[in-house]
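Working notes, structure below.
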Amino acid sequence: MNDRLAALASSAQSELEKAVTLDAVEALRVKFLGKKGELAAILGGMGKLAPEERKALGAAANTLKTELETKITAALTRVQDQALEAELKGPRLDVTLPGRGVKPGHRHPVSQTLEDICSTFARLGFVIEQGPEIELDWYNFEALNVPADHPARDMQDTFYVDGKQVGVTKPKAPGGDGVGEQVVLRTHTSPVQIRTMLAQKPPVRAVMPGRVYRKDSDQTHTPMFHQVEGLLVDEKVTFAELKGTLDAFARAFFGAKSKTRFRPSFFPFTEPSAEVDVSCVFCAGKGCRVCKQTGWLEVLGSGMVHPNVFRHAGYDPSKVTGFAFGMGVERLAMLRYGIDDLRTMFENDYRFVAQF
Ligand code: PHE
Numbered sequence: 003m004n005d006r007l008a009a010l011a012s013s014a015q016s017e018l019e020k021a022v023t024l025d026a027v028e029a030l031r032v033k034f035l036g037k038k039g040e041l042a043a044i045l046g047g048m049g050k051l052a053p054e055e056r057k058a059l060g061a062a063a064n065t066l067k068t069e070l071e072t073k074i075t076a077a078l079t080r081v082q083d084q085a086l087e088a089e090l091k092g093p094r095l096d097v098t099l100p101g102r103g104v105k106p107g108h109r110h111p112v113s114q115t116l117e118d119i120c121s122t123f124a125r126l127g128f129v130i131e132q133g134p135e136i137e138l139d140w141y142n143f144e145a146l147n148v149p150a151d152h153p154a155r156d157m158q159d160t161f162y163v164d165g166k167q168v169g170v171t172k173p174k175a176p177g178g179d180g181v182g183e184q185v186v187l188r189t190h191t192s193p194v195q196i197r198t199m200l201a202q203k204p205p206v207r208a209v210m211p212g213r214v215y216r217k218d219s220d221q222t223h224t225p226m227f228h229q230v231e232g233l234l235v236d237e238k239v240t241f242a243e244l245k246g247t248l249d250a251f252a253r254a255f256f257g258a259k260s261k262t263r264f265r266p267s268f269f270p271f272t273e274p275s276a277e278v279d280v281s282c283v284f285c286a287g288k289g290c291r292v293c294k295q296t297g298w299l300e301v302l303g304s305g306m307v308h309p310n311v312f313r314h315a316g317y318d319p320s321k322v323t324g325f326a327f328g329m330g331v332e333r334l335a336m337l338r339y340g341i342d343d344l345r346t347m348f349e350n351d352y353r354f355v356a357q358f
């Protein structure tokens, strides 16, 4: 038995000396000291020995075990040192290689356009107001004089939050708690007109940017898009002021040579209503593919605030008048940057965004 221990000691010594990797040393540890290793095998045969012999062998085996553990630790250290040595002698890090640049981010064309629109109106004295994207039916439609059977309420256009269109419900009071009321994703920013008027006394001069939602998806429509709403209310506000304001905006946004054109239109919340065109930014009004040879691009809806809207918002239509307008931010961005497919705006491709 003692011979076997001696043989194990010497073979362990020479094998550990030859090991050059951490894995090899670990394999040897298992081979000699593991549960099914060589030392365990020797101890397993002890049962046949006389008690004194057994005691002596046990002591010798313990000494060998401690010895082997020390040697294994030493072998591990040696192998690690050798690996480090080799790495230091190996190919050097080339500090002259160009670094991997960290690219700065880029503002999305929609964000740029939205901020430009708002800052243009800020220079005209408009403040910024905001409202919720998840809106009560009352603010989105009814307060804006949109009757219950108006096509704009059709399931095809509006996202109803509970998935079904139920009867029109009124808040218990303007700005009511909304319990039991129909909830929609706002289809336009016009409900912020109502919220703004309910929250403050005239005069009002505000732009209201934000996301809006409609069930619509093709080359020029996405289910989510952005609008900027405008509202100006005071005593004796006229349509001429609406025209002057939007004309000033068009020149600031599209360039000093831009012209505007007002065409009669209809919105339930304005009377009279007008669709506003700007002279085509691509052909300067001569006629091209983008403006379908008309020389004009339709950019926004506008009009004089309907008396019923004032009534719903708690303003007296015999004392104040006002104008409102609403424009689609993506549409303006597409015109400004010559983007022909709206959906590319929302594909989250940095290469697209970085072009503008
Ligand atoms: N809310 C209208 C739309 O989304 C735009 C609009 C706003 C028209 C204000 C007139 C006045 O189409």
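Under our numbering, the first residue of the sequence shown is numbered 3, with each subsequent residue one higher. C-beta: ideal position from N, C-alpha, C; glycine also. All values derive from a computational prediction rather than experimental measurement.
Option nearest residue i by Cα separation, candidates the options
{"i": "Ala-242", "options": "Arg-125, Ile-341, Met-306", "result": "Met-306"}
{"i": "Glu-277", "options": "Val-283, Phe-268, Phe-284", "result": "Phe-268"}
{"i": "Ala-2", "options": "Gly-101, His-110, Thr-122, Arg-253", "result": "Because residue 2 is not part of the residues shown, which for the chain are 3 to 358, the question remains open."}
{"i": "Arg-313", "options": "Leu-126, Ala-8, Ala-145, Leu-66", "result": "Ala-145"}
{"i": "Val-163", "options": "Gly-289, Glu-69, Glu-135", "result": "Glu-135"}
{"i": "Asp-5", "options": "Ala-62, Ser-16, Gln-15", "result": "Ala-62"}
{"i": "Gly-324", "options": "Asn-310, Ser-113, Leu-337, Arg-333", "result": "Asn-310"}
{"i": "Val-32", "options": "Ala-9, Pro-211, Glu-71", "result": "Glu-71"}
{"i": "Gln-184", "options": "Arg-155, Leu-35, Met-210, Pro-319", "result": "Arg-155"}
{"i": "Leu-337", "options": "Ile-74, Gly-257, Ser-192, Thr-272", "result": "Gly-257"}
{"i": "His-190", "options": "Ser-219, Glu-137, Val-235", "result": "Glu-137"}
{"i": "Gln-68", "options": "Cys-120, Leu-7, Val-112, Arg-125", "result": "The sequence as given places Thr at residue 68; Gln does not occur at that position. If we check each option's Cα against that of Thr-68, Leu-7 comes out closest."}
{"i": "Pro-319", "options": "Arg-125, Val-239, Leu-116", "result": "Val-239"}
{"i": "Pro-211", "options": "Asn-350, Arg-353, Val-194", "result": "Val-194"}
{"i": "Glu-332", "options": "Pro-270, Gln-114, Phe-143, Leu-18", "result": "Gln-114"}
{"i": "Asp-118", "options": "Glu-349, Ala-252, Ala-286", "result": "Ala-252"}
{"i": "Cys-120", "options": "Val-292, Ala-286, Leu-248, Asp-218", "result": "Leu-248"}
{"i": "Gly-308", "options": "Gln-295, Leu-299, Glu-300, Pro-274", "result": "As written in the sequence, residue 308 is His, which differs from the Gly given in the question. Taking only the C-alpha atoms, the option nearest His-308 is Pro-274."}
{"i": "Pro-153", "options": "Ala-58, Gln-357, Pro-270, Val-104", "result": "Pro-270"}
Anticipated Cβ contact below 8 Å, residue i with residue j, distance rounded
{"i": "Leu-187", "j": "Gly-316", "result": "About 25 Å separates the two Cβ atoms, so there is no contact after all."}
{"i": "Val-322", "j": "Glu-237", "result": "6 Å"}
{"i": "Thr-272", "j": "Leu-233", "result": "Not quite, the Cβ-Cβ distance comes to about 11 Å (not below 8 Å), so this is no contact."}
{"i": "Leu-10", "j": "Leu-90", "result": "Not really, about 36 Å apart at Cβ, beyond 8 Å."}
{"i": "Ser-304", "j": "Leu-244", "result": "6 Å"}
Start and end residues, alpha helix (DSSP H) containing residue i
{"i": "Thr-247", "result": "241-256"}
{"i": "Phe-312", "result": "309-314"}
{"i": "Thr-122", "result": "111-125"}
{"i": "Ser-267", "result": "Run containing Ser-267: none in the alpha helix (DSSP H); it sits in the beta strand (DSSP E), 262-269."}
{"i": "Leu-15", "result": "Correcting the residue identity first, residue 15 is Gln in this sequence and not Leu. Run containing Gln-15: 4-20, per the alpha helix (DSSP H) assignment."}
{"i": "Phe-354", "result": "352-355"}
The beta strand (DSSP E) enclosing residue i, as first and last residue numbers
{"i": "Val-280", "result": "272-281"}
{"i": "Arg-188", "result": "Element bounds for Arg-188: n/a, residue is neither H nor E."}
{"i": "Met-329", "result": "323-330"}
{"i": "Glu-137", "result": "136-138"}
Self-check item: the region 77-94 contacting the region 18-29, beta-carbon criterion three pairs below 8 Å
Solution: Contact between the region 77-94 and the region 18-29 is present, because at least three Cβ pairs lie under 8 Å.
Review point. Are there three or more Cβ pairs, one per stretch, closer than 8 Å when the region 145-162 is compared with the region 328-342?
Key: Short answer: they don't touch.
Entirely enclosed beta strand (DSSP E) segments - the region 32-83, minimum 3 residues | Scanning the region 32-83 for uninterrupted beta strand (DSSP E) segments of 3 residues or longer gives nothing; none is fully contained.
Next item on the list: Give a yes or no on contact between the region 200-213 and the region 115-131, applying the rule of three or more CB pairs nearer than 8 Å.
Entry: The region 200-213 is in contact with the region 115-131.
**Request:** Say whether the region 343-355 touches the region 214-234, bearing in mind that this needs 3 or more beta-carbon pairs closer than 8 Å, one atom from each stretch.
**Result:** By the Cβ rule, the region 343-355 counts as touching the region 214-234, because three or more pairs are nearer than 8 Å.
(request) Taking 8 Å as the threshold, find out whether the region 59-79 comes into contact with the region 27-34 through three or more Cβ pairs. (result) Yes: at least three Cβ pairs fall under 8 Å.
| field | At least three beta-carbon pairs within less than 8 Å, the region 45-53 to the region 95-103 | value | With a cut-off of 8 Å, the region 95-103 and the region 45-53 do not count as touching, because too few Cβ pairs lie within range.
Check: At which residue ranges does the region 195-229 contain complete beta strand (DSSP E) runs of 3 or more residues, listed in the order of the chain?
Finding: Runs found: 206-215.
- Query: Would you call the region 253-266 and the region 275-292 in contact, with 3 or more CB pairs under 8 Å?
  - Reply: These segments touch.
Kindly confirm or deny that the region 31-40 and the region 88-96 touch, where touching means at least three C-beta pairs closer than 8 Å. Fewer than three pairs of CB atoms, one per stretch, sit closer than 8 Å, so the region 31-40 makes no contact with the region 88-96.
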